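Enquirer:
In my numbering, the protein residues as written are 4 to 286.
1. Report the start-end ranges of each alpha helix (DSSP H) in the segment 185-258 that is 4 residues or longer and not cut off at the edges.
2. Do residue 152 and residue 200 have their CB atoms nearer than 9 Å?
3. Using a Cβ-Cβ cut-off of 9 Å, state whether residue 164 counts as contacting chain B.
4. Between residue 89 and residue 10, what straight-line distance do the alpha-carbon atoms span, to the nearest angstrom?
5. Taking only the alpha-carbon atoms, compute the straight-line gap between residue 92 and residue 221 and give it to the nearest angstrom.
6. Three-state secondary structure (DSSP) at residue 77?
7. Tell me which same chain residues have a C-beta within less than 8 Å of the C-beta of residue 81, skipping the five on either side of it?
8. Do you know offhand how far residue 278's Cα is from residue 149's?
9. Could you tell me if residue 246 is buried or exposed, where buried requires 16 or more neighbouring beta carbons within 10 angstroms of its beta carbon?
10. With DSSP run on the structure shown, which of helix, strand or coil describes residue 18?
11. Any idea if residue 249 is buried or exposed, counting beta-carbon neighbours within 10 angstroms, 16 or more meaning buried?
12. Between the beta-carbon of residue 100 and the beta-carbon of residue 186, is there less than 9 Å?
13. Quick check: residue 8 and residue 75, are their CB atoms within less than 9 Å of each other?
14. Closer than 8 Å is the cut-off here; do at least three beta carbon pairs connect the segment 206-219 with the segment 165-185?
15. Let's test the definition: count the other Cβ atoms within 10 Å of the Cβ of residue 265 and tell me whether it reaches 16, buried, or not, exposed.
16. Under 6 Å Cβ to Cβ from residue 46, same chain only, skipping five residues before and after it: list those, please.
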């Protein structure tokens, strides 16, 4: 049986769209889905329970994603094991494809490729993602897809999830390039923020996570063997992308400045959450 762990913090608007993809798999006893509602002030747990007792729902008053992941891990029984953000849509067929890659034993960590839904986003947001998705670092996977999966052997690589922002960055850094893979044949659906303000919140949090990861686990940086400067220069040579590249650079500069200011004033706690991508989803 494949285990899917979903930490959920006030995700009542979107969690149903995520869970409905796994109903068939649960009925066939192909997957177990564990939702950990952490520090929720809305009715996320009620939405989960409305799907029936076969979806396991855990509630904790601690608003911590890392704690939620560890709680889910403590009762999960299957492998490969998926860790999925509550606002990301992942089809059962995608789960099967990623799981089949891990079951070969050659790869320890895997994620689907990423499809970003920008239909409700402004031009600035779409422009940013048009550039961001072309970067080799992003194409290598386990970053930004909202989901990653580990084989049983891969899960042995660490004890428990550390209390850090970038759990996906931590997982990616644990494995060498030939131990992890982005499965191009399938994808996760990630909703883009609707506007620049939402995008800056997401990217500021991403920068905070990156800084915190390097500060707490400097020994893991050796697993990022490739250099990406040349690849970005190749992107710059595409003249038609220049207006979008300016947007990309602007967002990155502002996110870096905001992240460093946040560290000075608040440390690594209290980061902002984008709500513009969390309009209630009809199913």
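Think of the CB as a built atom: it goes at the ideal place given N, C-alpha and C, for glycine as much as any other residue. Keep in mind that this is a model prediction, so the values were computed, not measured.
Expert: On the basis of the coordinates in this document:
1. 199-219 and 232-239
2. As a working note, residue 152 is residue 149 in the chain shown. As a working note, residue 200 is residue 197 in the chain shown. No, they are not a contact pair.
3. Of the chains in the structure shown, none is chain B; there is only one protein chain.
4. The residue given as residue 89 occupies position 86 in the chain shown. The residue given as residue 10 occupies position 7 in the chain shown. C-alpha separation (whole angstroms): 6 Å.
5. For the purposes of this step, residue 92 is identified with residue 89 of the chain shown, where counting begins at 1. For the purposes of this step, residue 221 is identified with residue 218 of the chain shown, where counting begins at 1. Near 32 Å, if we compare the C-alpha coordinates of residue 221 and residue 92.
6. Residue mapping note: residue 77 aligns to position 74 of the chain shown, counting from 1. Here residue 77 sits in helix by DSSP.
7. Start at 1 with the first residue of the chain shown, and residue 81 comes out as number 78. The residues are 4, 5, 6, 34 and 35.
8. Position 275 of the chain shown, counted from the start, is the residue given in the question as residue 278. Position 146 of the chain shown, counted from the start, is the residue given in the question as residue 149. Roughly 16 Å separates the two Cα atoms.
9. By one-based count along the chain shown, residue 246 stands at place 243. Under this definition residue 246 is an exposed residue.
10. Locating residue 18 in the chain shown gives position 15, counting from the first residue. If DSSP states are grouped into helix, strand and coil, residue 18 belongs with the helices.
11. Counting from 1 along the chain shown, the entry for residue 249 is found at position 246. Exposed, by the Cβ-count rule.
12. By one-based count along the chain shown, residue 100 stands at place 97. By one-based count along the chain shown, residue 186 stands at place 183. Yes. Within cutoff.
13. Translated into positions along the chain shown, residue 8 becomes position 5. Translated into positions along the chain shown, residue 75 becomes position 72. Contact flag set, yes.
14. yes
15. Position 262 of the chain shown, counted from the first residue, corresponds to residue 265. That one is buried.
16. Indexing the chain shown from 1 puts residue 46 at position 43. Around residue 46: 15.
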